[in-house]
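Below you'll find the structure, written out as structure tokens, and then a few comments.
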Amino acid sequence: MPQVAAQTKIWMDGEFVDTNKASISVFDHGLLYGDGCFEGIRVYNGRILKLHSHIVRMFESAAALRLEPGYTIDEIKEAIRETVAINDRHDGYIRVVFTRGKGSLGLNPFLCPKPSVFIIAEKIKLYTDEMYEEGMSIVVAKRPRLPIECLDPQIKSLNYLNNILAKIEAIDAGVLEALMLNIDGEVAECTGDNIFIIKDGKISTPYTEAGILKGITRQFVINTIAPTLGYTVEERSISLDEVKDADEIFLTGTAAEIIGVSHIGQGAIGSGKVGSITKLLIQEFRQRVSTHAPED
Ligand code: PMP
Numbered sequence: 005m006p007q008v009a010a011q012t013k014i015w016m017d018g019e020f021v022d023t024n025k026a027s028i029s030v031f032d033h034g035l036l037y038g039d040g041c042f043e044g045i046r047v048y049n050g051r052i053l054k055l056h057s058h059i060v061r062m063f064e065s066a067a068a069l070r071l072e073p074g075y076t077i078d079e080i081k082e083a084i085r086e087t088v089a090i091n092d093r094h095d096g097y098i099r100v101v102f103t104r105g106k107g108s109l110g111l112n113p114f115l116c117p118k119p120s121v122f123i124i125a126e127k128i129k130l131y132t133d134e135m136y137e138e139g140m141s142i143v144v145a146k147r148p149r150l151p152i153e154c155l156d157p158q159i160k161s162l163n164y165l166n167n168i169l170a171k172i173e174a175i176d177a178g179v180l181e182a183l184m185l186n187i188d189g190e191v192a193e194c195t196g197d198n199i200f201i202i203k204d205g206k207i208s209t210p211y212t213e214a215g216i217l218k219g220i221t222r223q224f225v226i227n228t229i230a231p232t233l234g235y236t237v238e239e240r241s242i243s244l245d246e247v248k249d250a251d252e253i254f255l256t257g258t259a260a261e262i263i264g265v266s267h268i269g270q271g272a273i274g275s276g277k278v279g280s281i282t283k284l285l286i287q288e289f290r291q292r293v294s295t296h297a298p299e300d
């Protein structure tokens, strides 16, 4: 099992502590109720990809939970930069977490006087190099994505059980990712990634009304990566039949970056390899983030 290096310094409530001392209370509502929010962010060659967008989304998640972290956006950005620097983490993955903080065993969030805030700068590798080259297989989860009315997926909360249960379906089926539909049967997203399909040279992705997290990598592809290559991306309602019939499929996420999908269940997508447009998008993404990752 990959271990976090003992010498990794964790930023906790304004101080750096060693990994083995970085702990939160068993009375923290982040643990007791999944009451809190988080962001996953990448650092490439010393630059923090879309830092501003991630922290704005983090504060929007916190505001939706009526959780006041006790730090400003600029203070959290600065704390992230310090955590990256002290750990000499030129390339890696940053996790920022706001929990509701210590409280009683009751549900009331407002009886927790002070949130806990921590930042980890580590490494991440979700998928093998071979999966990036050959494409990954996914399945369609039986479990639908929680409807917006029940839990808005824009809130990147500490309660990921809807996604984890679908992820277990994937693992049980021998793959690492599952596509989730919404309760109306429209394609939504995967457990930790957004999905894009390509048909006859046209790129589409589920609209936010399908009940998805508006991924920052998704937005980067829509606004920058695809247009650079001369493509526009249509955000719309997408059916499962369209997904199965696509020429190419790829997933996007901070941890996954851009990865092609070769199979859904037993069915091959297009040639059953990473599609040619997907390959160009991956190449463009890698080139941009490795040379001068935008921090906006
Ligand atoms: N959907 C879900 C449910 C996720 O957890 C993530 C990863 N954070 C994404 C999509 C991709 O979002 P992003 O590109 O902002 O990492």
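Using our numbering, you'd call the opening residue of the sequence shown number 5 and step up by one each time.
Glycine included, each C-beta is placed from N, C-alpha and C at the ideal position.
Remember, it's a predicted structure, so these values are computed and weren't measured experimentally.
Alpha carbon to alpha carbon, how far is residue j from residue i? Give it in angstroms, no decimals.
i, j, result
"Ser57", "Lys81", "11 Å"
"Gly271", "Gly105", "46 Å"
"Glu19", "Gly178", "41 Å"
"Asp32", "Asp251", "47 Å"
"Ile90", "Lys13", "7 Å"
"Leu55", "Thr87", "13 Å"
"Met184", "Val121", "30 Å"
"Trp15", "Val143", "37 Å"
"Ile187", "Glu137", "33 Å"
"Ile281", "Thr209", "15 Å"
"Gly276", "Tyr235", "22 Å"
"His296", "Gly38", "35 Å"
"Glu181", "Val47", "24 Å"
"Glu193", "Phe254", "11 Å"
"Met5", "Asp204", "At Met5, the pLDDT of 48 sits below 50, so the modelled position is not reliable and the matter cannot be decided from this model."
"Pro117", "Ile175", "39 Å"
"Glu79", "Ile59", "10 Å"
"Val100", "Arg240", "31 Å"
"Thr212", "Gly219", "10 Å"
"Gly34", "Leu162", "7 Å"
"Pro298", "Ser108", "42 Å"
"Asp245", "Val237", "19 Å"
"Thr132", "Gly189", "31 Å"
For residue i, which beta-bridge partners are listed by DSSP?
i, result
"Leu255", "Ile199 and Ile263"
"Pro210", "Arg240"
"Ser294", "Ser294 is not bridged to any residue."
"Gly219", "Note: Gly219 sits in no beta bridge, so no partner."
"Cys41", "Phe102 and Ser161"
Can a CB atom of chain D be found closer than 7 Å to the CB of residue i?
i, result
"Met135", "Included in the structure is just one protein chain, with no chain D present."
Please name the residue, chosen from the options, that lies closest to residue i on a Cα-to-Cα basis.
i, options, result
"Ser29", "Asp95, Thr103 and Leu69", "Thr103"
"Ala145", "Ile168, Ala125, Tyr136 and Met135", "Ile168"
"Ala260", "Val60, Asp78, Ser108 and Gly139", "Gly139"
"Gln223", "Thr256, Pro113, Thr195 and Cys154", "Thr256"
"Ile202", "Asp249, Val100 and Ala214", "Asp249"
"Asn112", "Asn166, Asn227, Leu36 and Glu134", "Leu36"
"Glu153", "Val278, Leu233, Ala214 and Thr76", "Ala214"
"Ser141", "Val278, Gln11 and His267", "His267"
"Glu134", "Val278, Gln291 and Leu115", "Val278"
According to DSSP, simplified to helix, strand and coil, what is residue i?
i, result
"Phe20", "strand"
"Ala303", "Because the chain here runs from 5 to 300, residue 303 falls outside it and cannot be looked at."
"Ser161", "strand"
"Ser280", "helix"
"Ser108", "coil"
"Ser275", "coil"
"Tyr4", "Past the boundaries of the shown model lies residue 4; the chain is included only from 5 to 300, so the question cannot be answered."
"Glu153", "coil"
"Glu193", "strand"
"Glu181", "coil"
"Gln287", "helix"
"Phe1", "A question about residue 1 goes unanswered here, because the residues of the chain that appear run from 5 up to 300."
"Ile187", "coil"
"Arg147", "coil"
"Ile128", "coil"
If residue i sits next to residue j, beta carbons under 8 Å apart, how far is it from one beta carbon to the other, in whole angstroms?
i, j, result
"Ile216", "Pro157", "6 Å"
"Ile159", "Ser65", "5 Å"
"Gly40", "Leu71", "7 Å"
"Ile242", "Val293", "About 27 Å separates the two Cβ atoms, so there is no contact after all."
"Asn49", "Asp95", "6 Å"
"Arg147", "Ala170", "5 Å"
"Ile84", "Ile52", "7 Å"
"Ile262", "Leu285", "6 Å"
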